[in-house]
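First comes the structure, then the notes that go with it.
Numbering (this note's numbering), first residue to last: 1 to 1238.
This is the structure:
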């Protein structure tokens, strides 16, 4: 046992110095092995320049013959604690296995380090050392929660030091260790890193303590993010090298190095390229800005020793725009020169081109995010600046309270942008053009401006609009109280400014004057002297243009004043002055209107012309409070007229007396004077307006004329009107009541002692007196009995007027109608309609105005309808119409139409008691039509009328049973007058709404018959009638199936006939006809053809056997060939034909006369220029057509030999005819004529 021992070692060759005091050692034999216990109370050790002072060492161990088991050995010093335990076997070449547990205080280690070093924090080391002799394995792990290594802050770091897998060779110069360091976070000055790892060996080559590689996932250099960090690291006794540094920086890459000297100046150099300008701006401004470009440049910094926080250097950037910029980003190009300091980046005067703008930038960007930048900008398109501003999070419309919704045009301005924390401040001055302010484009704007803490200030602003308007203004805005404005205006568009500041005033026009207002767009305060020209004033929500409005205004809530306001409406002038206090309702008012055109005023206020005229004058004055008003005045309408007729004069007075407002009204209209008296009790809390009037035999006729459909009505009434309207208690502060309740308690009664109505000769009157009662929004109708010839109608119930008064329907309608009505009353609603019959009505009206429900039944008896000049009239109509809520169903309505039968069925969909959609089926049988003129038809029809309020169409099929055209046609006159205008089929115009379109098919199969002086034929037709009722369009075709045509009393058998009506219905598309007929004349078969339109057609002539054209004309005109003239000329033949046509025109008139007098229907004189003599002569022919097949003719010459002939012809068929002839000598002959076509 050794107690209080001392030990001193001074090994100068190895620079080791050791001093131990208080040494205690004991060795006690024990079984199975001796135990050794020792302690050194104070141990001082120095190795080179590193020293451990005042350490404490203790140990416990078992010592056997061939081994030592170290139970515990602990070294405690100011730099930390070291625990060691394990076993050692053998003494010559010992084998050992030791466990190590160390806690180091890094700040104490730095204090005892021979060189200056920045260390702090605690480091825990645990490990194990195993080996034999000089060959061993070491594996230790070091961890720390927070520490500082060479000025770099480390959080949650860990490290591992171990020997390679192969044992160290004995006798080597030294062992090599593998070292790994990991840290969750690193920080130093403007440098931040996460997930950093360092791997290498110690000692490194060439005398380095450590050499390896470094990697990191995310790093921040100032505000710039760096990713995927890779570098080589070497650590020596005096310096550290970071080489081959390669990182990803904002879409680009950066490469460089860092030399850290523990004593002296450290430096770093970084070169980068491909850096995204968008990402760079986002990290500098904390906003995503619409910029596009790439940056490249260099960063060089230096700092003393390990003091990275004191780094300074230079930062140079060059920015290039993309080759194909996108539409949503602004291309950026230019250069930035910056210096780096420990606190910030200092931007020197640098030039940037952003989009179509050029900016000179200088200022400071601090590492913590604050800004102080100055911009000198020239912009060719200010909308790009707005995009940048709003990208910062400031909406222009919000900042300017809607005055400037969008930037546009060009600008030159100087701007300073500052940021402190999350607050921005802007100041500057400049000039813009092309900007839109308050809805109008500005030609030029100069101003100084500033923005801070949500408040804008614009001073010395002078704006000139492209419309010529000007303004000199100073504006100040705040986020709480809106904005204030003062300055001068000249012809500024008031409507645009009101809309911009969200003010709703019934005014518009060009505004000039001086203003000084604040509190906008809320309740304004200030003064204004204004003139408004060429504007519009909204009266009852209707625009009324005016020429000029001028006056002065003073706004000092709750007191408001207006002075000398004069309004020139163009149709009259009004003046107004007064004041109002909104707190107690005190007011003063003076108002005057002179020579106002009443018709123009009503047209402006009501939006339509009422055909009411006159000249209006108003004088009104008063002062008091809204709760106790005092007013006096007069309203007079001179030269009052209705429907263009002078009506008279209306005079109304306004005056207060003993708390009552009296309003006597005297109206002298159409020679009748009516007096109404209105009274308003101002002392009554209910504030009831009472209106009374009496009517004695008041003529309603001039008032019916105001409505076109009632223009033929006449009437008169007698009775009294009483109205009570409680306006209700007023608000204590404003004296006003909500408008929605104004009509709630209206009570009115109209009592009619007599009511007489008349339409033409038909009269209606009320059987007994009745009354109408209005209670709030309900109109009650006492039982009304209207009587007249064949009319007895009872009406009673209630009508809900809630929707009419601007509210909602509550109880709904409950109206009942019962009785009978003479249908002659329809003429009073539809002029030009002649009607008779009777309708029995049992109906009720329920629902509301928006959704009325009509139910009931109407039975029609002996209905007759006729429209003037229409070809169809209905008689003896019987039927029933059933109403079911929103439908009207026609149940089996039958009538006679022109001798035929008509059945109507279908229904109508009602909306607001008006037909909204309908579908009606019409079936007719044997209806006789005389249309067009001369055509009489018997037809059957199946038609459908369907439509809505915009369009209706009549479609279906009409089948012609028989159609005859018997009117004679003067063919010669028709041919000689080809230039005449072709008549068009049409009907008399009837005001049908909506217009009626047609889509009707007409079918006639061998039922078309033409029987007149020109033809006796039968045909078929397939036609389509389109267009409208007043302008029908006919298309299709008519085919002649058989018949004959007559020309110059000779029949021509129709062999082919067709008429085509084109679809276009235009003049160029007139009906085209093809007609071919033939006849036997003097043994020749003559074929005549017509092709074309009635306006222009071609005639073809041929014969069998073939003859020259002039001889065919001679056959047609005279019935004979010219044989005497050996070679008749074409001129004489044409002359003879013309003479025959002219004589035929004259003899046609004689034929009409002789037919009426003597009963003959053929009287003809034929000139014979190419007859059998050389001298002209004429032949007289008299005859009568007994029936279709039998005719008798007598012919004689008027000069020369008479050659009298009597001919009787009987046609057996179209092919065979028998002809008997007797001449003047008494000779008879009979011929059988047979037609055979080859």
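Every residue, glycine too, gets a C-beta built ideally from N, C-alpha and C.
Assignment of beta-bridge partners to residue 455 by DSSP yields 452. For the 9 Å CB-CB criterion, residue 445 and residue 457 do not form a contact. Non-local beta-carbon contacts of residue 698 in its own chain, meaning distances under 8 Å to residues more than five positions away in sequence, involve 672, 674, 716, 717 and 718 in chain order. The beta-bridge partner set that DSSP reports for residue 477 consists of 456 and 483. In the structure shown, residue 59 falls within a strand segment according to DSSP collapsed to helix, strand and coil.
Between residue 402 and residue 435, the gap from beta carbon to beta carbon reaches 9 Å or more. The alpha-carbon of residue 32 is positioned some 42 Å away from that of residue 109. According to the DSSP secondary-structure assignment, residue 14 is paired through a beta bridge with no residue. Taking 8 Å as the upper bound for CB-CB distance, residue 1108 and residue 1084 are not in contact here, some 12 Å apart.
Assigned with DSSP and collapsed to three states, residue 386 falls in helix.
A direct Cα-Cα distance of roughly 14 Å separates residue 202 from residue 232.
If only uninterrupted beta strand (DSSP E) runs of at least 3 residues are considered, those enclosed by the region 567 to 593 are 573 to 581. When the Cα atoms are used, residue 798 and residue 745 turn out to be separated by approximately 16 Å. Secondary structure note for residue 296: its beta strand (DSSP E) is the uninterrupted segment 294 to 304. Around the beta carbon of residue 918, a 10 Å sphere encloses 16 or more other beta carbons of the protein chains shown; the residue is thus reported as buried. Note that the region 278 to 290 does not touch the region 256 to 266; fewer than 3 beta-carbon pairs, one per stretch, sit closer than 8 Å. Burial is judged here by how many other beta carbons sit within 10 angstroms of a residue's own beta carbon; residue 931 has fewer than 16 and is exposed.
Taking all protein chains shown into account, residue 268 has 16 or more neighbouring C-beta atoms within 10 Å of its C-beta and is therefore buried. The three-state secondary structure of residue 703, taken from DSSP, is helix. Sequence-distant Cβ neighbours of residue 379 in its own chain, meaning closer than 7 Å and more than five residues away, are 356, 357, 385, 410 and 411.
Boundaries cannot be given for residue 326, as no beta strand (DSSP E) includes it and DSSP labels it neither H nor E.
Short of 6 Å from the beta carbon of residue 325, and not among the five residues preceding or following it, lie these beta carbons of its own chain, in chain order: 292 and 331. The C-beta separation of residue 100 from residue 127 comes to about 5 Å, placing the pair in contact by the 8 Å criterion. The C-beta distance from residue 1070 to residue 1093 rounds to 4 Å, short enough to fall under 8 Å. DSSP, reduced to helix, strand and coil, places residue 497 within a helical segment of the structure shown. If the five residues before and after residue 823 are omitted, its C-beta is found closer than 7 Å to the C-beta atoms of 835, 836, 837, 838, 839 and 863, all from its own chain and listed in chain order. Note: residue 656 is bridge-paired with 661 in the DSSP secondary-structure output.
With contacts defined as CB atoms closer than 9 Å, residue 388 and residue 290 qualify as a contacting pair.
Fewer than three beta-carbon pairs drawn from the region 623 to 630 and the region 643 to 652 are found closer than 8 Å, and the two stretches are therefore not classed as touching. For residue 511, the enclosing beta strand (DSSP E) has its first and last residue at 507 to 520. In this structure, the alpha-carbon of residue 1185 lies about 4 Å from that of residue 1191. Taking C-beta atoms as the reference points, residue 936 and residue 963 count as a pair closer than 9 Å. Only exposed fits residue 1230, as fewer than 16 other CB atoms lie within 10 angstroms of its CB. For residue 1118, no beta strand (DSSP E) encloses it; the enclosing alpha helix (DSSP H) starts and ends at 1109 to 1118. Residue 676 sits away from residue 616, with the two beta carbons spaced by 9 Å or more.
Counting C-beta atoms within 10 angstroms of its own C-beta, residue 813 has 16 or more neighbours from the protein chains shown and is therefore classed as buried.
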